[in-house]
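Residue numbering for the sequence shown follows the numbering used here, beginning at 517 and increasing consecutively.
Glycine is no exception: its CB is placed at the ideal position from the N, C-alpha and C atoms.
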Amino acid sequence: MRRPFIAGNWKMNLDRAAVVELAKALAEKAASFADVEIAVFPPSVYIDAVREAAAGTPLGYGAQNFYHEANGAFTGEISAAMLLDLGCDYVILGHSERRHILGETDADVNKKVHAALAAGLVPIVCVGELLSEREAGQTNEVIRAQFDGSLAGLSAEQMTGVVIAYEPVWAIGTGRVATPEQAEEVHRELRKLLTDRYNGHVAESVRIQYGGSVKASNAAELLAKENVDGALVGGASLKADEFLGIVAAAHR
Ligand code: PEP
């Protein structure tokens, strides 16, 4: 049984006061949903504020990115050790905004995945096609290339420590959510890739989140799909009630 995992990506939003208020509201309720893994991803400068608000509660947290090198002259970057120092358990890698706005490649993501696992962080590795790619019938091809490139060189054991997020780029921040059938079709393809590249045990173990305009009102039908194990949520994770509504949809 894969434990449902609902993650909130706060992106470059909120200020310290709003972060504290939101994290406290979520931390207060997290224990009511013990069967759901819940984590938030604040801007890095506010991770310490979330750490304080989440202390002693099941609310998890992590970073939206990091740099794969251990230390040195990498101005503006943050290492895995620094994230561990802040108590992070997770890191989001290969988000489409990093791929398409900031130019991250599969090779960059792959270095980060290896560094995250070596440090003991759980990477949430995002894959997803552009609208033009979907319309050209290239969705599976794109997903396969991102999977093979971003996850290259992992052992079966390492792979079980990875969470995959399927995030069609055309559904992110657009209000245009994939239908449950569209999501399930790609999740099934990802599960098949896990079997082909690794084995049945890995395929059954790895959690695959859906991301792209998930809200409290559409979460239940997406999460009801056999291969949808959770959600990576952007906009709707900035409001406690809305995010908790998504968590409640994952709660059995
Ligand atoms: C995201 O950024 O990962 C995301 C899914 O955003 P939204 O929920 O706003 O579409």
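Residue i: CB within 8 Å of a non-hydrogen atom of ligand 1
i	result
Ala623	no
Val702	no
Asn587	no
Ile688	yes
Asn525	yes
Ser666	no
Val763	no
His611	yes
Ala694	no
Gly578	no
Val730	yes
Gly727	yes
Buried or exposed (CB count within 10 angstroms, at least 16 for buried), residue i
i	result
Ser729	buried
Met675	buried
Ser671	exposed
Ser612	buried
Ser753	buried
His703	buried
Gly619	exposed
His584	buried
Ser666	buried
Thr655	buried
Gly524	buried
Gly617	The displayed chain sequence assigns Ile, not Gly, to residue 617. So Ile617 ends up on the exposed side.
CA-to-CA distance, residue j to residue i, given in whole angstroms
i	j	result
Ala764	Ile680	21 Å
Asn581	Gly610	8 Å
Gly544	Ile594	According to the sequence as given, residue 544 is Glu; it is not Gly. The alpha-carbon atoms of Glu544 and Ile594 are separated by roughly 29 Å.
Met784	Pro696	Residue 784 lies beyond the stretch modelled for the chain, which goes from 517 to 768, so this question has no answer here.
Tyr603	Arg567	The residue asked about is misnamed: residue 603 is Gly in this sequence, not Tyr. The alpha-carbon atoms of Gly603 and Arg567 are separated by roughly 7 Å.
Ala534	Arg723	30 Å
Asp601	Glu651	44 Å
Thr591	Met517	42 Å
Pro639	Gly588	22 Å
Ala668	Asn626	7 Å
Arg660	Pro520	24 Å
Glu553	Ile522	6 Å
Ala755	Gly691	Here residue 755 turns out to be Lys, not Ala, going by the sequence shown. Cα to Cα, the separation comes out at about 16 Å.
Residue i beta carbon near ligand 2 (any heavy atom closer than 8 Å)
i	result
Val749	As far as ligands go, the structure on display features ligand 1 and does not contain ligand 2.
Residues bridged to residue i [DSSP beta-bridge criterion]
i	result
Tyr726	Tyr682 and Ala747
Val556	Gly524 and Tyr577
Problem set entry | Whole alpha helix (DSSP H) elements within the region 630-671, 4-residue minimum | The qualifying runs are 647-651 and 655-666.
For this session: Could you pull out every unbroken beta strand (DSSP E) segment of at least 3 residues lying fully inside the region 571-614, listed in chain order?
Result: Secondary structure in the region 571-614: the beta strand (DSSP E) runs of 3 residues or longer, each lying completely within the stretch, are 576-579 and 606-609 in chain order.
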